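Enquirer: Once you've had a glance at the structure underneath, I'll fire off some questions.
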Amino acid sequence: MVQKLVLRNEVVKFKGRVKVITVKKEDFFKVLKLTKLRILDKEYEALMPPVDSLEKNTIDVNGLATLVQQYMTFMIYASGNTNPITPAKMVLTTSEGNIILSYTGNIGLSSQGVTIFMQVLQGSNKYTFQYFYIGFDTTNSTYSTSQLELYVSAYVTNQNNNSTTMYTDTVRIAYTSASFNKSSDSYLFIVWLIEFQNIPPYLVYFTPILQNNVGIVPQSNTGCTVYFDIGSCNFVCGGNCPSVGLSGFITYIQNNSVVLEFPVTAPLGTGVQEIDVMLCNQVNFKNLPTITGITSTTLTPPVSGATFYVLIATITVTYQGS
0 MVQKLVLRNE VVKFKGRVKV ITVKKEDFFK VLKLTKLRIL DKEYEALMPP VDSLEKNTID
60 VNGLATLVQQ YMTFMIYASG NTNPITPAKM VLTTSEGNII LSYTGNIGLS SQGVTIFMQV
120 LQGSNKYTFQ YFYIGFDTTN STYSTSQLEL YVSAYVTNQN NNSTTMYTDT VRIAYTSASF
180 NKSSDSYLFI VWLIEFQNIP PYLVYFTPIL QNNVGIVPQS NTGCTVYFDI GSCNFVCGGN
240 CPSVGLSGFI TYIQNNSVVL EFPVTAPLGT GVQEIDVMLC NQVNFKNLPT ITGITSTTLT
300 PPVSGATFYV LIATITVTYQ GS
């Protein structure tokens, strides 16, 4: 008898907020302020516009699905595109056509671009990954806009070869209606916050790490294993209980969310009343401490009477856009 049971159905909150600032040229340095950001217990300063009063945008779940699909392929199979991809860009829709702000390392005068500042916060044993995308146009250009779009990319390094980095496509992750005028005597700043919220340690493995300017990069294939307690084994991470790694998975869109599912299969033998299942994973990072996660549950097989049981437990992660 084969029974599909859900091991976990976890929800990762994926949010975006945005605002547009236009200022006179002489007020350039009144708008940009040194802001303290955190990477866990360390602080650094970033020159950026104020990040208060951000407004809601629309999450592009199709882009998010592409990002998740490609990122998890890198994490599990350690293979993918190794050609560098721009970390981010913003597309401004105007009556004359699109204006593209491409990634640059810093905000500069007489230029256009996008830069990124990252925060990693921890509280109540959960993590939040925040990315501040700052678009700017400090040229003399003039135009009127109707829509803004944000495109981002995630990346992973190869565990066995740290010089090899794999990049997802640059995909549209959020967009918003935005009607404003850019004049020749003004500067434009767009502040866009993208964040993965309230992530328990065992879900960090499944959370795409976006390209960023502080060099935090996850390493692929660093370990995610499901253990099955059959009653006569050492039921701990790294123990001798029957185990299986993650391999095949599917992603699909449901109710403005992206769903990621991993089926894991184990033979249970006969006379099984219930079984404990444990998920263990570890993510090694460059420029961030290793994060390990453990979660477990007890699964009860269906009605008795079968001569042999095979358990198909599904690990499900839902990225809920808002």
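In numbering that gives the first Met the number 0, the protein residues as written are 0 to 321.
Idealized CB from N, CA, C, for every residue including glycine.
Computed from a predicted structure; not experimentally measured.
With T57 and A173 assumed to form a contact (beta carbons below 8 Å), what rounded beta-carbon distance in angstroms separates them?
Expert: Your numbering for residue 57 matches position 58 in the sequence shown. Your numbering for residue 173 matches position 174 in the sequence shown. Confirmed, Cβ separation roughly 6 Å.
Enquirer: Assign K194 to one of three DSSP states: helix, strand, or coil.
Expert: Taking the sequence shown and counting its residues from 1, one reaches residue 194 at position 195. The sequence shown places Glu at residue 194, rather than the Lys named in the question. DSSP places E194 in strand when its eight states are reduced to three.
Enquirer: How close, in whole Å, do the beta carbons of F227 and I314 come, if the pair is a contact with beta carbons under 8 Å?
Expert: Start at 1 with the first residue of the sequence shown, and residue 227 comes out as number 228. Start at 1 with the first residue of the sequence shown, and residue 314 comes out as number 315. F227 to I314, Cβ: 13 Å. No contact.
Enquirer: Considering only their Cβ atoms, is the gap separating Q111 from T141 smaller than 9 Å?
Expert: Residue numbering aside, residue 141 sits at position 142 when the sequence shown is read from its first letter. Residue numbering aside, residue 111 sits at position 112 when the sequence shown is read from its first letter. Taking 9 Å as the Cβ cut-off, T141 and Q111 do not qualify as a contacting pair.
Enquirer: Could you tell me the distance, in whole angstroms, from the CA atom of Y126 to the CA atom of V170?
Expert: Residue numbering aside, residue 126 sits at position 127 when the sequence shown is read from its first letter. Residue numbering aside, residue 170 sits at position 171 when the sequence shown is read from its first letter. So the alpha carbons of these two residues sit roughly 24 Å apart.
Enquirer: At what residue ranges does the stretch 70–119 contain a whole run of the beta strand (DSSP E), taking only runs of 3 or more?
Expert: Counting whole runs of 3 or more residues, the stretch 70–119 contains the beta strand (DSSP E) stretches 87–93, 96–101.
Enquirer: Out of curiosity, what's the CA-to-CA distance linking K35 and F195?
Expert: Mapped onto the sequence shown, residue 35 falls at position 36. Mapped onto the sequence shown, residue 195 falls at position 196. So the alpha carbons of these two residues sit roughly 20 Å apart.
Enquirer: By the 10 Å Cβ neighbour count, where 16 or more other Cβ atoms means buried, how is D59 classified, buried or exposed?
Expert: For this step, residue 59 is matched to residue 60 along the sequence shown. Burial call: buried.
Enquirer: From L149 to D26, what does the alpha carbon distance come to, in whole angstroms?
Expert: Your numbering for residue 149 matches position 150 in the sequence shown. Your numbering for residue 26 matches position 27 in the sequence shown. Rounded to whole angstroms, L149 to D26 spans 26 Å at the Cα level.
Enquirer: Please name the residue, chosen from K14, N159, V282, that lies closest to S395 on a Cα-to-Cα basis.
Expert: Since the first residue shown for the chain is 0 and the last is 321, residue 395 is missing from the structure and cannot be characterised.
Enquirer: Counting along the chain, where does the beta strand (DSSP E) carrying F205 start and finish?
Expert: The residue given as residue 205 occupies position 206 in the sequence shown. Unbroken run through F205: none, as it is neither H nor E.
Enquirer: Looking at the structure shown, is N280 part of a helix, part of a strand, or coil, going by DSSP?
Expert: As a position in the sequence shown, residue 280 is number 281, starting the count at 1. Of the three classes helix, strand and coil, the one that applies to N280 here is strand, per DSSP.
Enquirer: What are the boundary residues of the beta strand (DSSP E) that F135 is part of?
Expert: In the sequence shown, counting from the first residue as 1, residue 135 sits at position 136. That run of the beta strand (DSSP E) goes 125–136.
Enquirer: Taking the alpha-carbon positions, what's the T297 to L108 distance?
Expert: As a working mapping, residue 297 is identified with position 298 in the sequence shown. As a working mapping, residue 108 is identified with position 109 in the sequence shown. Their backbone Cα atoms lie some 59 Å apart in a straight line.
Enquirer: Buried or exposed, going by whether 16 or more other CB atoms sit within 10 Å of the CB of F128?
Expert: The residue labelled residue 128 in the question sits at position 129 within the sequence shown. When all chains shown are included, F128 counts as buried.
Enquirer: If I measure Cβ to Cβ from K14 and keep anything under 7 Å in the same chain, skipping five residues before and after, which residues do I get?
Expert: If you number the sequence shown from 1, residue 14 lands on position 15. Taken in chain order, the residues that qualify are E194, Q196, S321.
Enquirer: Taking contact to mean at least 3 C-beta pairs separated by less than 8 Å, is the stretch 64–84 in contact with the stretch 212–226?
Expert: Segments in contact, yes.
Enquirer: Where does the unbroken alpha helix (DSSP H) through V30 begin, and where does it stop?
Expert: The residue given as residue 30 occupies position 31 in the sequence shown. Where V30 is concerned, the enclosing alpha helix (DSSP H) stretches over 27–30.
Enquirer: Give the straight-line distance between the Cα atoms of P49 and Y204, rounded to the nearest whole angstrom.
Expert: On the sequence shown, position 50 is the one that residue 49 refers to. On the sequence shown, position 205 is the one that residue 204 refers to. Rounded to whole angstroms, P49 to Y204 spans 31 Å at the Cα level.
Enquirer: Which same chain residues end up closer than 7 Å to E54 when comparing Cβ atoms and leaving out the 5 residues on each side of it in sequence?
Expert: Reading the sequence shown from its first residue, position 55 is the one you call residue 54. Answer for E54: R16, V17, K18, listed in chain order.
Enquirer: Could you give the residue range of the beta strand (DSSP E) that holds D51?
Expert: Walking along the sequence shown from the start, residue 51 turns up at place 52. From DSSP, D51 is part of no beta strand (DSSP E); its letter is neither H nor E.
Enquirer: Would you tell me roughly how many angstroms separate the C-alpha atoms of T317 and L192, rounded to the nearest one?
Expert: If you number the sequence shown from 1, residue 317 lands on position 318. If you number the sequence shown from 1, residue 192 lands on position 193. If I take the Cα positions, the gap works out to 20 Å.
Enquirer: Can you tell which of F131, L120, V276 has the C-alpha that lies nearest to the C-alpha of M47?
Expert: Translated into the one-based positions of the sequence shown, residue 47 becomes position 48. Minimum Cα distance to M47 is reached at F131.
Enquirer: DSSP three-state call for V213: helix, strand or coil?
Expert: The count along the sequence shown starts at 1 and reaches residue 213 at position 214. V213: coil per DSSP, three-state reduction.
Enquirer: By DSSP's criteria, K24 is part of a beta bridge. Which residues make up the other side?
Expert: For this step, residue 24 is matched to residue 25 along the sequence shown. In DSSP, K24 forms no bridge with anything.
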